[in-house]
Amino acid sequence: MPQRCAWSEGDPLYRAYHDREWGRPVHDDRRLFEFLILEGAQAGLSWITILRKRENYRKAFARFDPVRVARFKAPQIARLMREPGIVRNRAKIMAAVSNARAVAEIVREHGSLDRYLWSFVGGKPRVNRFRAGRIPYATEESEAMSKALRERGFGFVGPGICYSFMQACGLVNDHVVGCYLHGRVLSAPRISRQ
């Protein structure tokens with residue numbers, strides 16, 4: 007059995023996420039938007055909580071189509087506040103909608119969310135050589151991303167959330183030294199729109 011990052015051991019859902027998604031470069035705007043929303047929803051909670059609710063989030067947030075989410079008004083927000091399959095936190099829900107609106111502006115200015123977000127790491131993944139327990143909470147790049155996104159009106163994008171986003175979407179490869187995925191060139195996850 008291959009050695010994995012310690013956080014992924016124990017729960018089969020965590021293990022599958024670690025093996026198939028975490029740290030793999032994502033360049034699809036909708037998938038990037040999905041992770042921005044999910045990482046923000048996770049604030050103050052465990053990632054496994056959000057991972058277990060992920061399919062509910064996909065249904066509730068129009069399969070993370072930022073154009074559709076940007077059009078959410080009071081009736082859709084009220085529906086989300088009653089949706090038991092997601093975290094019903096008004097601030098997080100409102101941030102998801104305002105973030106979708108901010109994505110539209112980024113796409114107008116930069117051509118894609120992908121191009122904009124990857125610019126914080128120079129357009130290619132950073133491969134780190136951390137050992138278990140040594141991964142930082144935030145980095146200069148995540149601080150810069152957080153500041154830039156907040157200036158654009160994004161919510162729930164603090165430096166720690168941005169760093170978790172960068173790890174999840176492969177902007178950084180933080181598989182620890184000893185993990186079978188450390189230092190490997192990872193391919194992007196298969197995208198399913200269902």
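Just so we're aligned: 61 in the working numbering is position 55 of the sequence shown, and the numbers increase by one with no gaps anywhere. Glycine is no exception: its CB is placed at the ideal position from the N, C-alpha and C atoms.
Strand pairing of residue i, partner residues [DSSP]
i: Arg132; result: Val178
Burial state of residue i (16 or more Cβ within 10 Å)
i: Thr55; result: exposed
i: Leu42; result: buried
i: Pro87; result: For the sequence presented, residue 87 should be read as Met rather than Pro. Result: exposed.
i: Leu155; result: buried
i: Ala102; result: buried
i: Gln9; result: exposed
i: Val183; result: exposed
Which of helix, strand or coil DSSP assigns to residue i
i: Val127; result: helix
i: Thr145; result: coil
i: Tyr186; result: coil
i: Lys79; result: coil
i: Glu111; result: helix
i: Asp25; result: helix
Top-ranked residue by Cα proximity to residue i, from the options
i: Val133; options: His24, Ser104, Gly176, Pro142; result: Gly176
i: Lys79; options: Asn179, Glu15, Met100; result: Met100
i: Arg114; options: Arg10, Asp35, Asp25, Gln9; result: Asp35
i: Leu123; options: His33, Arg190, Glu15, Asn105; result: His33
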